[in-house]
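Enquirer:
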Amino acid sequence: TQEGDNGSSEGASEELRMGYITMDLGNPYFVKLIEGMEEKAEELNIELSVHDGENEVEPQIRAMEDLITQQVDAIILSANDSEALNPMVQQAKEAGISVIAANAPVEDPDAFIGSIEYDNGFQAGEIAGEYIRDNLNGEAKAAILQLSTIPAALERTEGQKDGLLSLAPDTEIVAEPDASTREGGLTAIETLLQSHPDLNVVLGINDDAVLGAYQAMKAAGKDGEDVVLVGFDAIEEALLKIKEGGIYRGTIDIAPFESGKVIIDTADRVLEEGPIEELIEFPVTKVTEENVDEFLDE
Amino acid sequence: MNKMKRTGIFTYGILIFLIGLFIVLSFSSPYFFTLSNLTTLLRQVAVVGIITVSMTMVILTGGIDLSVGSMLGLCAVILAQLMVWGVNMFLAIGITLIVGMLLGLFNGFLINEIKISPLISTLGTLTIYSGLTYIITGGKGIFGFPDSFSFIGQGYLLGIPVPIIILVAVFAFGFFVLNNTRYGRYLYGIGANEKASVLSGVDVKKVKYIAYITSGLLSSLASVVMLSRVNSALPNLGEGLEFDVVTAVVLGGISVNGGEGRLQGVVIGLLIIAVLSNGMILLGVGNYFQTVVKGLVLLIAVGIDNISKR
Amino acid sequence: MNKMKRTGIFTYGILIFLIGLFIVLSFSSPYFFTLSNLTTLLRQVAVVGIITVSMTMVILTGGIDLSVGSMLGLCAVILAQLMVWGVNMFLAIGITLIVGMLLGLFNGFLINEIKISPLISTLGTLTIYSGLTYIITGGKGIFGFPDSFSFIGQGYLLGIPVPIIILVAVFAFGFFVLNNTRYGRYLYGIGANEKASVLSGVDVKKVKYIAYITSGLLSSLASVVMLSRVNSALPNLGEGLEFDVVTAVVLGGISVNGGEGRLQGVVIGLLIIAVLSNGMILLGVGNYFQTVVKGLVLLIAVGIDNISKR
Amino acid sequence: MEDQMNDYILTLENITKEYPGVTALNDVTISFEKGKIHALVGENGAGKSTLIKLLTGAIDKTSGKIFYKGEELKNNSPIKSLDRKIIPVYQELNMIPTLSVYDNIFYGHEMTKGIALDKKYMREKTSELLKQVGLKVSPKTKARELGVGNQQLVEIAKALIKDVDVLILDEPTTSLTDIETENLFGIIRNLKKRGISIIYISHRLDEVLQLSDTITVLRDGEVVDTRPSYAFDEEHLIKSMVGRNLSRSTRNKEKTVKNEKVLELRNVSTDQVKNISFHLLKGEILGIAGLMGSGRTELAEAIFGRDKITSGEIFVNGELKKINSPKDAVDEHMAFITEDRKTLGLMLDLSVLENVTYASLKKVTTNGTIDKDEEKQVVEEILERLNVKYASLDEKVLNLSGGNQQKVVIAKWLLTNASILIFDEPTQGIDVGSKEEIYGILRKLAKEGKSIILVSSENEEIMNITDRVLVMSNGEIASEYKSEALTADTLFKDSARLL
Ligand SMILES: Nc1ncnc2c1ncn2[C@@H]1O[C@H](COP(=O)(O)OP(=O)(O)OP(=O)(O)O)[C@@H](O)[C@H]1O
Ligand SMILES: Nc1ncnc2c1ncn2[C@@H]1O[C@H](COP(=O)(O)OP(=O)(O)OP(=O)(O)O)[C@@H](O)[C@H]1O
Ligand SMILES: [Mg+2]
Ligand SMILES: [Mg+2]
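Residue numbers (our numbering), protein chains in the order written: chain A, 1 to 298; chain B, 1 to 310; chain C, 1 to 310; chain D, 1 to 499.
Set out below in structure tokens:
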């Protein structure tokens, strides 16, 4: 996916070299983000290498070390844990490399592009809350599928709960099992439907898990007006389900592809004009049946 | 002390543990011991269960197949892609099963011909197959299958969920092979004494090839069930599955050194795993505690089994 | 009951492979064969490397310790918490090392007294220890350590990074134990034939206890290095580490059945793993392809080794 | 050549087999006559087993040709040679420990009905066969529950179940007693009558002379003599094996026994043996005789802390001791040379050196560190004394010949400081010359004040070497004799007394 061929050959010094360290390549959000970054990089004739953080900090530190050794022009970092990465960020800066923080803050970056996970989650919660308030008299039984092993994900889940309860305070949250994959969401909801046959709201850490929940709900014959599923990430499959107008009521578009482009743009700007102080926000939008067509076009 | 029989042979200890678990859960949650929940539980465990049968065969020979999860993922992605391209569903499934067998064949080749130990061989192919899956999908999901496809993972036949029927059929096949065929004897014999097997005129390579090909085949059969269940082929489908499969098999008393253990033990091992995760979700045990409980139960189950053997 | 001769004894094949890898990478990337890069590479591999020594000991006895990553995570979290509470750094480190030994002792207890196979025992404790880690941290990172603490993971002594010094010291200790002590002989002997060892009057339990306690100790030593390197104790620190450790050990020619293999092979196995991931990053190999290449290299390395042995 | 083919079923021409550092066979030419019993004899490591493995395709030859029924054998393999009805019983046991006796007997050639196993038929057939070889266990018994001797009988049964043209027996009687041996000879003679050719290897020269038609002597991988059996006598045979005259000692024992009990058992019972009481004196060699399965090995294991004692007491040097593990026994200065060298005695994948010093490392270590020079010296010395043939100290024990492996086990325990040595069938598979050497060592140990328990199935050994003999029958001690007073006849009668 990158152009490694002319990457290391000499004489390419005209080209800018950047390295991007993701949180986790197994996550479709980052896959999309990287696609946006790569498109923009090609446009600007920037050589971009991508490094997988594998949801941990050690690989990220390792990638930082390697990028410093390679003397790239800029490092773009989606830190899995800012505390852990701060020293490396300082080292990189001392080595004359610009560091752009994306998605997650680090100490004293040359620029920070991102959004606040809690706020993102809150918006997702609001979609569900609004529906419950308007159509279900504010009463519902909800399950939240979470990913309790990742700090950022925990914040998103907090946001989702608060967002939900802010609009539908009488909703009962009956369970918060861990599930971040299709199979995980399916299994969890299948099982919960045994103990809570009246479960009718599912919010998830990502669309994947909620799509699994969708399967479970469908199989249990729960596809009526009272069922509310809200995902996160706005992956195509979820958008199609929303468009159908069924129980998949909404998701959050964090526009990874667009965000990717913005990241590269920002990095390029930093290299030309110097550090940017203010937070550059990713576009974050609620997606529901009403506006889903806008997102499906791409 | 050494006259003690090896740990891990199936005895009643583990069965008693399973029954105990059933009783405890039935009292703790009114939803546990219901037909509907037990059916759900079996349906959920079908994918892992199918593969435990071939894993048992492989482990009996003294080998292991860590690549089952990756093979499942790769097969699911290939099946999904074929169906999205409009290939007839049955043809697509047929092709997928053949691909599974080829993936297993490659494992067998590494083990038999290049003589790389099973652990390393399948660790290597685990990585390779999973890399290929990501390359094919570009990291994204493949979806949009014919409606009829969902029958395999979600349908019912005579009121019984199809995955359960497949699971039972695979186990029946496994029981027959292990207990009543020559091939079954050779699986045990090779695991217990490979050299003696060679000298007794057993075609050891062939036996191993078949075991690893079966492993590929059942992984790909499981991928069909899985895909039909989740309706979308994500590249991380099946990731880490080998963990559950090996745990069920070893919990069931199949010796990791090969040559020892019975498939009925594996049934129990599988059920313990299934009952446990189902029960904890029903009881709403906190996620972090679930992890601890799982580990403890594994140890207690095997521990009780060992003590009952003294 | 003896198995056929096993593949995987250290020979020159794997060394030649490593040298080949060095040459190829040196020609492909101007950054590879530089003092700074090679130092970086060694520093990166120190954590895994420290644990390979005890893993070698454990595997030689015919066992395995899958809980090393979890022990590392738990120790790191405990150390972090102690320092945040203001406990003196050295005392905190001392306590952490003792905790590591206790965790290892528990593994030894399960294996020796409850007679649960090492695979299952440490699979169980892997889960338990990691669950405890999450419970302690609540899923979030612990940070804010004294500045002096960063010396262990990031400092230099006589111009050499401290982690490398620790790594070398641990290996030197390992070499001595395995080649020159009675204890080392017993490790091999137990793996080669446990019954014969018992009958020779060797205190087999004690030897195993020491091996698993050492595994805990070195995991916790590695956690100190790791924590100082990453400066924040996340609960998933060390997750999956056992994979790399076991791969390095087995790649280095230690037989998973025990009793066979030399530590010098493990050095090479470790270097191959380190060089490979460093090299691929330098070359900018696509991430999905990296996975495939890693698997292939593993197989080719062992394959060449086997062929060179014929 | 052509007309010879009619008489000879198997011919080896200029066969050479080299291992790294050893030439196991050097330019060997032998012909085996159809329908005859052809014996191979030679010292440990002479190349007998190697020759057998070449015939069956278990290993590849370095050079030379093998002809079978007039055709040259190429790309031989165990599978092919079994198909050709060349059926071997190897020196090393090849049981599948986790399978039953009947599964083992039919292993590789199972009977089926359709695709399913015909278990009933196999069990019945096995019962018949077991009766024939004189083994009294159920066909469903797991192989690992059998003692070495019984496993040997299963191996023989496993060969007999097959359709055979050439039967190869590599030391089949090492762990059998006289009864099973006689029984086996009956079977062999019957087979011969049916025109089956037999290749027979043994270190029991009386057997060889009695049974065979032709004898070939191998020395250091070369054929030194081939003649009809009637042209040999025992002395002559030994001379051509060893290359010199060997003085065979008789009962010229010095009295070394002191009236001091170093070991005493009072009413000791385990799951296998009942109510055992006896004592062992300082400087004494105490023989334990009995039939197979009489519990001799179990008794030894009970003393050594390997088997759980259910009742009774053990006194060492007059003091009551609880011996719960082999470690306790070793701490009491005991040694136990097990009859099952492969699974209990040796670490086959470790080197000769590591095996020999394994039980006595304390002697060559200071503060846990091994003095490697000293270790090497000690090992070389003892191996020299026992006349062990090995390529280098770093060689795996697995690569040694059967008899040499046995000597390594003995060497391992001789290096310890044990004062009570239990030898369970110590001379199994050991050649005549080395046997004399070992007997010499036993006497010397006794003279030095050590005490020895010698469990043996060889009557001659029992009667010649020991001072006193206990005869076991069905898990109990049936009788006790001064060795001088014992005859083969009484031994036989007493062995069967409690059955
Ligand atoms: N796999 C091997 N590798 C190396 N050397 C071997 C191997 N197998 C046998 N040898 C050597 O070949 C020689 C002949 O061994 P062989 O087993 O044929 O002796 P033997 O006549 O059967 O002796 P014994 O009476 O002790 O059984 C011995 O020196 C032995 O060490
Ligand atoms: N692990 C075991 N489990 C069950 N039975 C056993 C076991 N080991 C030995 N036995 C049985 O105990 C009896 C006595 O053992 P064993 O045959 O070793 O006695 P022995 O007098 O030394 O004869 P041998 O000449 O065969 O060694 C035999 O019937 C044997 O089958
Ligand atoms: Mg031999
Ligand atoms: Mg015996």
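For every residue, glycine included, the Cβ atom is placed at its ideal position computed from N, Cα and C.
If you're wondering where the values come from, they're calculated on a predicted model, not measured in any experiment.
Of all the options D:D165, D:L353 and D:K113, which has the alpha carbon lying nearest to the alpha carbon of Q377 of chain D?
Expert: For the residues D:D165, D:L353 and D:K113, the minimum Cα distance to Q377 of chain D belongs to D:L353.
Enquirer: Could you check which residue in A:L296, A:E294 and A:T288 has the C-alpha nearest to that of E130 of chain A?
Expert: Nearest option by C-alpha distance: A:T288.
Enquirer: Where does the unbroken alpha helix (DSSP H) through G131 of chain B begin, and where does it stop?
Expert: Per DSSP, G131 of chain B belongs to the alpha helix (DSSP H) from P118 to T137.
Enquirer: Is there at least one Cβ from chain B nearer than 8 Å to D198 of chain A's Cβ?
Expert: No, its Cβ sits nowhere closer than 8 Å to a Cβ of chain B.
Enquirer: For I370 of chain D, go through chain C and note every residue whose CB falls closer than 9 Å to its CB, in chain order.
Expert: Within 9 Å Cβ-Cβ: N179, N180, T181, R182, G184 and R185.
Enquirer: Closer than 7 Å: is that where the CB of D66 of chain A sits relative to any heavy atom of ligand 1?
Expert: Answer for D66 of chain A: no, Cβ out of range of ligand 1.
Enquirer: Against chain A, with Cβ distances strictly below 8 Å, would G131 of chain B count as a contact?
Expert: No, G131 of chain B does not count as interfacial toward chain A.
Enquirer: Could you tell me the alpha carbon to alpha carbon distance between Y90 of chain D and D60 of chain D, rounded to whole angstroms?
Expert: Straight-line Cα distance between these residues: approximately 16 Å.
Enquirer: Return the residue from the list B:P30, B:N88, B:I19 and B:I93 that minimises the CA-CA distance to I79 of chain B.
Expert: Per the sequence shown, the amino acid found at residue 79 of chain B is Leu instead of Ile. The shortest Cα separation from L79 of chain B among B:P30, B:N88, B:I19 and B:I93 belongs to B:I93.
Enquirer: Take the Cβ of L157 of chain C as the centre, count every other Cβ of all protein chains shown within 10 Å, and call the residue buried at 16 or more, exposed below.
Expert: Under this definition L157 of chain C is an exposed residue.
Enquirer: Name the chain A residues whose beta carbon is nearer than 9 Å to that of Q44 of chain C?
Expert: Here the neighbours are E58, I61, R62, E65 and D66.
Enquirer: Give a yes or no on whether the minimum CB-CB distance between L199 of chain B and chain D is below 8 Å.
Expert: Yes, its Cβ sits closer than 8 Å to a Cβ of chain D.
Enquirer: Determine the extent of the beta strand (DSSP E) in which A74 of chain A is found, giving its start and end residues.
Expert: Its beta strand (DSSP E) spans residues A74 to L77.
Enquirer: Give every residue of the same chain whose Cβ lies closer than 7 Å to the Cβ of G250 of chain A, excluding the five residues on either side of it in the sequence, and list them in chain order.
Expert: So the list reads I127, V230, I242, K286, V287 and T288, once near-sequence residues are dropped.
Enquirer: Starting from the C-beta of G240 of chain C, find all residues in its chain whose C-beta is less than 7 Å away, skip the five residues before and the five after it, and write them out in chain order.
Expert: So the qualifying residues of the chain are G69.
Enquirer: Have a look at the DSSP bridge pairing and note the partners of E313 of chain D.
Expert: According to DSSP, E313 of chain D bridges with D:R266.
Enquirer: Under 8 Å, do L282 of chain C and F106 of chain C count as touching if we go by C-beta distance?
Expert: No, Cβ-Cβ distance for L282 of chain C and F106 of chain C is not below 8 Å.
Enquirer: For I166 of chain B, which of B:V45, B:F22, B:V24 and B:G258 has the nearest alpha-carbon?
Expert: Out of B:V45, B:F22, B:V24 and B:G258, B:V45 has the C-alpha closest to the C-alpha of I166 of chain B.
Enquirer: Going along chain A in order, which residues have a C-beta closer than 8 Å to the C-beta of T125 of chain B?
Expert: Residues of chain A passing the Cβ test: none, with the nearest at roughly 19 Å.
Enquirer: Could you check whether the Cβ of G475 of chain D sits closer than 7 Å to any heavy atom belonging to ligand 4?
Expert: Because no heavy atom of ligand 4 lies under 7 Å away, the Cβ of G475 of chain D does not count as near it: no.
Enquirer: For V230 of chain B, which residues in chain C fall below 7 Å Cβ to Cβ?
Expert: Neighbours of V230 of chain B on chain C: none; closest Cβ ~21 Å, over 7 Å.
Enquirer: Buried or exposed for G11 of chain A, going by 16 or more other Cβ atoms inside 10 Å?
Expert: Caution applies to G11 of chain A, whose pLDDT of 41 falls short of 50 and renders its modelled position unreliable; the model cannot decide the point.
Enquirer: Do you know whose CA, among A:I21, A:F112 and A:P28, lies nearest D265 of chain A's CA?
Expert: Answer by Cα proximity: A:F112.
Enquirer: Within 10 angstroms of its Cβ, does Q210 of chain D collect 16 or more other Cβ (buried), or is it exposed?
Expert: Result: exposed.
Enquirer: Quick one: list the residues of chain C neighbouring A359 of chain D, beta-carbon separation under 9 Å, in chain order.
Expert: The contacting residues are L199, S200, G201 and V202.
Enquirer: Within 10 Å of its beta-carbon, does L299 of chain C have 16 or more other beta-carbons around it, so buried, or fewer, so exposed?
Expert: By the 10 Å Cβ count, L299 of chain C comes out buried.
Enquirer: Where does K113 of chain D sit, in a helix, a strand or coil, going by DSSP?
Expert: Looking at K113 of chain D - three-state DSSP - the assignment turns out to be strand.
Enquirer: Provide the residue span of the alpha helix (DSSP H) that contains G121 of chain A, from first to last.
Expert: Taken as a continuous stretch (DSSP letters only), the alpha helix (DSSP H) holding G121 of chain A covers E117 to N135.
Enquirer: Measure from the C-beta of G303 of chain C to each C-beta in chain B and report whether the shortest distance is under 8 Å.
Expert: So, interface residue.
Enquirer: Just how far apart, CA to CA, sit E35 of chain A and G260 of chain A?
Expert: Cα-Cα distance, rounded: 7 Å.
Enquirer: Looking at the secondary structure, which residues open and close the alpha helix (DSSP H) in which A248 of chain C lies?
Expert: It spans L241 to L251 - the alpha helix (DSSP H) in which A248 of chain C sits, taken as one unbroken run.
Enquirer: Between which two residues does the beta strand (DSSP E) containing G114 of chain A stretch?
Expert: Looking at the DSSP string, the run of the beta strand (DSSP E) that includes G114 of chain A is A111 to G114.
Enquirer: Around the C-beta of T427 of chain D, are 16 or more other C-beta atoms found within 10 angstroms, so that it is buried, or is it exposed?
Expert: Buried, by the Cβ-count rule.
Enquirer: With hydrogens ignored, establish whether the beta-carbon of D424 of chain D is closer than 7 Å to any heavy atom of ligand 4.
Expert: Correct: D424 of chain D has its Cβ closer than 7 Å to ligand 4.
Enquirer: Under 8 Å Cβ-Cβ, which residues of chain F neighbour M226 of chain B?
Expert: Protein chains A, B, C and D are contained in the structure displayed, whereas chain F is not.
Enquirer: For V409 of chain D, which of D:Q272, D:D233 and D:Y358 has the nearest alpha-carbon?
Expert: When each option's Cα is compared against that of V409 of chain D, the closest is D:Y358.
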